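In full-length UniProt numbering, the protein residues as written are 1 to 422.
The following block contains the structure:
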């Protein structure tokens with residue numbers, strides 16, 4: 001076979017010498033280059049056709065978006081990059097078959113194809129890692145173990161090593177010589193890749209301690225972030241805020257700074273209502289008999305009044321208290337009865353979680369009146385439903401205040417001043 005190639009090469013050189021005297025080797029090299037390129041092109045078309053046939057229909061029912069590519073696109077890209085690597089290897093083999101050893105033309109072809117093979121080998125690795133990312137995104141565990149940061153770290157390391165290898169081949173030196181020289185540049189490299197290194201460490205801590213996952217509600221006022229985490233990468237965390245804007249936070253900032261993760265609320269199944277209504281202090285007083293009779297008709301208060309009123313009357317009678325003096329004995333207040341009504345209201349409310357803390361408490365009076373705070377949890381964490389439930393409860397509370405002879409506190413308005421003048 002070697003003799004046949006030698007004879008064919010000699011024949012072509014003699015033939016070119018007849019028609020192109022003085023430039024036979026140049027035309028021979030052009031012919032070899034055309035032959036190698038044609039062979040590589042045919043091989044590329046064959047490999048592409050075969051890969052499309054093998055991948056056709058494999059991912060049609062499992063389409064998952066990874067950035068802008070489906071797994072089928074990523075798999076096709078991987079086979080294409082591998083085919084380019086094979087073409088580079090074939091070009092080298094073909095060139096060594098038809099070009100004599102030690103010639104400058106062969107050296108140029110080898111140098112070019114070496115860089116070609118290294119480049120597409122790196123791109124093949126990237127495509128393979130992207131496929132792993134796409135498969136990971138389809139798994140439930142992906143939210144709690146973001147793989148993107150680790151894969152980006154692998155890509156970064158592979159890129160550095162590939163660059164060293166490419167330079168060493170161009171210089172025709174051992175890669176170990178370049179690696180030994182990197183010791184002096186370690187400080188510069190640490191400075192250049194500072195964010196990547198900090199991001200890698202932060203990503204490991206976030207995953208190991210289960211501090212943050214894709215889909216969590218993150219609140220970080222320092223960076224203006226308040227929304228869902230949509231991506232955890234090597235150096236950044238992307239948050240889609242409730243106004244649909246995107247906030248990008250450095251990954252290491254989640255370790256060095258504090259943030260609020262609302263995942264616990266979401267997983268608990270209940271969301272807290274903690275809101276006060278301010279009662280005008282001058283409207284707080286004891287209930288008279290007529291008001292008590294009217295309140296007994298309320299279903300939510302009937303049980304409380306049936307138990308409390310006899311107990312109060314019995315205690316006052318036993319101690320022979322003079323009830324003609326307002327300061328003596330026990331009496332029902334409108335604000336106390338109002339609090340018990342609210343507790344009964346919340347306990348029978350279909351959208352209030354009965355297995356979590358539920359109370360109505362009186363806070364310290366301020367210049368804005370007497371705060372009566374509702375502290376309870378809804379049985380849903382959906383934002384819209386939560387706001388509707390909370391609003392409905394306080395709509396009802398504001399509407400029933402006159403039934404207890406209570407008034408909500410309001411700061412004086414222009415209309416109040418005009419009434420005073422009149």
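The C-beta atom is built at its ideal place from N, Cα and C for all residues, glycine as well.
As the structure is a computational prediction, the values presented were derived from the model and not from experiment.
Item                                                                                                                             : Value
Rounded straight-line distance, which links the Cα of residue 304 to that of residue 320                                         : 24 Å
Straight-line gap, residue 113 to residue 216 (C-alpha atoms, nearest Å)                                                         : 47 Å
Residue 364, DSSP secondary structure in three states                                                                            : coil
Start and end residues, alpha helix (DSSP H) containing residue 303                                                              : 299-318
Nearest residue (CA-CA) to residue 279, options 40, 79, 367                                                                      : 367
Residue 384: first and last residue of the uninterrupted alpha helix (DSSP H) it sits in                                         : 383-400
Euclidean distance between Cα positions of residue 42 and residue 126                                                            : 25 Å
Supposed contact pair residue 265 and residue 381 - C-beta distance, whole angstroms, cut 8 Å                                    : 6 Å
Residue ranges of each alpha helix (DSSP H) within the UniProt domain "Mechanosensitive ion channel MscS" (196-263), 4 or longer : 253-256
Contact under 8 Å by Cβ, residue 131 with residue 74                                                                             : yes
Cα-Cα separation, residue 334 to residue 343                                                                                     : 14 Å
Segment contact flag, the segment 280-300 with the segment 383-398, C-beta cutoff 8 Å, min 3 pairs                               : no
Inter-residue spacing [alpha-carbon to alpha-carbon] between residue 313 and residue 288                                         : 14 Å
Burial state of residue 353 (16 or more Cβ within 10 Å)                                                                          : buried
Assigned exposure category for residue 36 - 16 Cβ within 10 Å defines buried                                                     : buried
Helix, strand or coil at residue 373 [DSSP, three-state]                                                                         : strand
Beta strand (DSSP E) segment containing residue 273, residue limits                                                              : 271-279
Start-end ranges of the alpha helix (DSSP H) lying completely within the segment 102-137, minimum 4 residues                     : 104-137
Where residue 225 falls, given that 16 or more other Cβ within 10 Å makes a residue buried                                       : buried
Beta carbon of residue 92 nearer than 8 Å to that of residue 120                                                                 : no
Given residue 49 as reference, the closest of 34, 83, 328, 235 once Cα atoms are compared                                        : 83
Residue 365 and residue 281 closer than 8 Å at C-beta                                                                            : yes
Residue 337, buried or exposed, once every other Cβ within 10 Å from all chains shown has been counted against 16                : buried
Residue 408, DSSP secondary structure in three states                                                                            : strand
Coil, strand or helix - residue 175 by DSSP                                                                                      : helix
Proximity to residue 243 [Cα-Cα], best of 257, 377, 227, 166                                                                     : 227
With 16 other Cβ atoms within 10 Å as the buried cut-off, status of residue 271                                                  : buried
Whole-number beta carbon distance between residue 372 and residue 276, since they are thought to touch under 8 Å                 : 6 Å
Through-space distance from residue 311 to residue 268, alpha-carbon basis                                                       : 40 Å
Backbone secondary structure at residue 321 - three-state DSSP                                                                   : coil
Under the three-state DSSP convention, the category residue 356 falls into                                                       : coil
Beta carbon proximity, residue 79 to chain D, threshold 8 Å                                                                      : In the structure shown, chain D cannot be found, because there is only a single protein chain.
Check whether residue 78 and residue 128 have beta carbons under 8 Å apart                                                       : yes
Local Cβ density within 10 Å of residue 357, reported as buried at 16 or more and exposed below that                             : exposed
Coil, strand or helix - residue 380 by DSSP                                                                                      : coil
DSSP three-state assignment for residue 333, whether helix, strand or coil                                                       : strand
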